Amino acid sequence: MSKEMLTDMTDKNVLIVGMGNSGKAASQAMVKLGAKVSVQDSKKEEDIDPQLLTFLKNKNVTCYFGSEPEDMGVFDMLILSPGVPPDLEFINEAKQKGAEIIGELEIAYRVGHGHYVAITGTNGKTTTTTLVGEIYKAAGRKTYVVGNIGVAVISKALSAEEDSWLITETSSFQLETIKYFRPDISAILNLTPDHMDRHKTMEKYGQAKAEIFKNQTSDQYCIINIDDERCYKLASGCRARVIPFSRQKQLETGAFIKNGNIVVRDGSGKTVKICGADELKIMGSHNLENALAAAAVSYFGGIDPQIIGKTLKEFRGVEHRLELCNEIDGIRFVNDSKGTNPDAAVKAIEAMKENIILIAGGYDKDASYDKLISSFEGRVKALLLMGKTATKIKEAAEKAGFTSSIILKDMEACVREAYRIAKPGDVVLLSPACASWDMYTSFEQRGRHFKSCVQALER
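Residue 473 is where the sequence shown ends in my numbering, and the numbering goes up by one at each step.
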C-alpha cells in the first residue's frame, strides 16, 4: 500500500478510543487532516476536561462518553489509546466489520515526518529515552522526545521535518497496535514480568515488545541487552542488524565495559572509548545499562563519540527516577515513583547503600512480590505500605520472615512514619513496585505528592 493511501484521512470515519494524552492529540490531528472524527471514553461527559469538550463540539466531533457506538460498521478506522485493551467487545465488532484497528504511534508514523528511534523494555525506558534525546540534541539534530514519556507522538510528528528525529519511548501497549511502524533504530532494554493483568503470560508480553523491530530491514539497527537472556532471545527473528550491549562481558560488536570505561566496538575491530563508567552521575547498575544502551543507539545513529561521552557525564537523570528530593536531619528522601513493578523497585533498592525505609504499594498488576522481598536483606530496615497491594506485599514479606512492615492509609501517613523512625544516614525511598492507578492518576502525580509530603516535614 502506498504512503499516499496510508496518509490520506480525508472523509474517513475514524473512532478514537480513550481520551488520555494520546487520544486528545489523535483527535486534534484527525480533525486537522479532514477525517470524520468520533471519540469514545468510558468516562461520562461531566468527567471530561471542559476545554477538550469545547474543542470537540466546535469541530462537530461525535462523542460517546460513558457509552459505545451502536453501529460499529460505520467506522473505517479505530485509533486506540495505549491504556485501552484491544480485545474489548465493541472493538472486536468493529474489526469483524472491516475497520482497521491501530494506535496513536502507528497513525503518527503514517501521517507525520522524520526518523524514529524507538526504545522499549520493562524498566529504564524513560531514562534511556531522555538520555538519547539529550545526546541527539547535543549533536545539533532536530529532536523530539515523545511517546510513553508523556508527549503524544502525533503531536510532534505532524510538525516534524524529514530530517527530524523522534526519540520515542514505546510501551508494550503501544506496540500491540502497530502495523507499518518502522524505526531506523530500535532498542529493547530488558524483559521482566509486568502488566500480567493485560498480557497474561511472559511469552505474550515478550511478543508485544518484539513488535518494535518486526518491520525493520537489514540496513537498520536493533540495540538489545545480551545480559538478559529472555530479552536477547527476542532478537532471533530480527531482520535488522542486532547490536548487543553488556555490563558483564566483552563483545565483538556492541557497547560494553572495558577497563572501567564505556566503549563501543563497531564490528571492524575498532574500539571507541565513550567515557569512564564511574563518571556517570546517575546511580545504580541498571543506569549503567541504560547508559550503555544510549551509547549504542547514538553511536550507530552516527553521533560523534565525544558528544555521546560529554552528555553521558553531564546527565543527572529524570524526575521520579531515583530522584534525591530532600535531606532533613541527615535523612535522605528519594523519589522513585517510576518504580511501577517489583523489578524496578529491586533496582532502586540495589542502588542504595544505606539503611532503607521503603514506601511501597499501589495498584495490583497481578505481580509476585517474592523477588522484591528477597532484595531486602541487609538493605531495608522497615517497609511502609499503602494502596490496594498493601496486604498482599505484607503477607509476602511475613512469609519470607520480614516482619518490620506496617500498613498505613496514605502517602502522608507513610512519609510521617518514615521520618519518625528514621535515623541520620538512613534513606526514605519511595519505590512502590506497583502502578499508581488506585490512588493517583499517574506515577508523576504520586511522585509529586511524595515530594510535597516531604517538604511539609520542614514546616
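Don't be surprised by glycine CBs; every beta carbon is placed ideally from N, CA and C.
Values in this document were obtained by computation on a predicted structure and should not be read as measured data.
C-alpha gap between residue i and residue j, whole angstroms
i	j	result
residue 384	residue 369	20 Å
residue 316	residue 277	15 Å
residue 106	residue 74	26 Å
residue 24	residue 47	6 Å
residue 257	residue 151	23 Å
residue 18	residue 425	Caution applies to residue 18, whose pLDDT of 45 falls short of 50 and renders its modelled position unreliable; the model cannot decide the point.
residue 375	residue 404	5 Å
residue 29	residue 274	53 Å
residue 417	residue 409	9 Å
residue 108	residue 71	24 Å
residue 114	residue 131	25 Å
residue 412	residue 302	33 Å
residue 285	residue 261	16 Å
residue 78	residue 193	26 Å
residue 448	residue 407	10 Å
residue 87	residue 307	44 Å
residue 392	residue 218	35 Å
residue 162	residue 169	13 Å
residue 139	residue 158	15 Å
residue 378	residue 264	39 Å
residue 22	residue 229	21 Å
residue 61	residue 67	10 Å
residue 342	residue 435	13 Å
residue 15	residue 195	Annotation note: pLDDT 42 at residue 15 (below 50); position unreliable, no value reported.
As assigned by DSSP and simplified to three states, the class of residue i
i	result
residue 19	A caution first: residue 19 carries a pLDDT of 47, below 50, which makes its placement in the model unreliable, though a value can still be read off. Three-state DSSP puts residue 19 in a helix.
residue 129	strand
residue 59	helix
residue 340	strand
residue 201	strand
residue 226	helix
residue 462	helix
residue 27	strand
residue 106	helix
residue 142	helix
residue 36	helix
residue 401	coil
residue 352	coil
Cβ separation of residue i and residue j, assumed to be a contact under 8 Å, to the nearest whole Å
i	j	result
residue 36	residue 166	5 Å
residue 237	residue 310	5 Å
residue 357	residue 206	4 Å
residue 459	residue 450	7 Å
residue 305	residue 371	Contact flag wrong, Cβ pair sits at about 28 Å.
residue 3	residue 388	The displayed coordinates of the chain run from 15 to 473. Any statement about residue 3 would go beyond what the structure contains.
residue 365	residue 336	6 Å
residue 94	residue 32	6 Å
residue 144	residue 355	That belief does not hold up - the Cβ atoms of residue 144 and residue 355 are roughly 19 Å apart, past 8 Å.
residue 464	residue 349	5 Å
residue 125	residue 40	So it is not a contact: roughly 10 Å between Cβ atoms.
Residue i and residue j closer than 8 Å at C-beta
i	j	result
residue 353	residue 445	yes
residue 76	residue 120	no
residue 323	residue 289	yes
residue 83	residue 54	yes
residue 57	residue 80	yes
residue 225	residue 189	yes
residue 441	residue 346	yes
residue 202	residue 142	no
residue 259	residue 239	yes
residue 363	residue 394	yes
residue 171	residue 249	no
Residue i versus the options, residue with shortest Cα-Cα distance
i	options	result
residue 462	435, 433, 429, 440	429
residue 252	234, 427, 172, 457	234
residue 179	402, 153, 423	153
residue 325	146, 338, 220	146
residue 318	52, 155, 364	155
residue 215	186, 124, 363	186
residue 52	21, 60, 89	89
residue 423	402, 443, 435, 436	402
residue 295	330, 92, 220, 396	330
Closer than 8 Å to chain C by CB, residue i
i	result
residue 72	Chain labels in this structure do not include chain C; a single protein chain is all it has.
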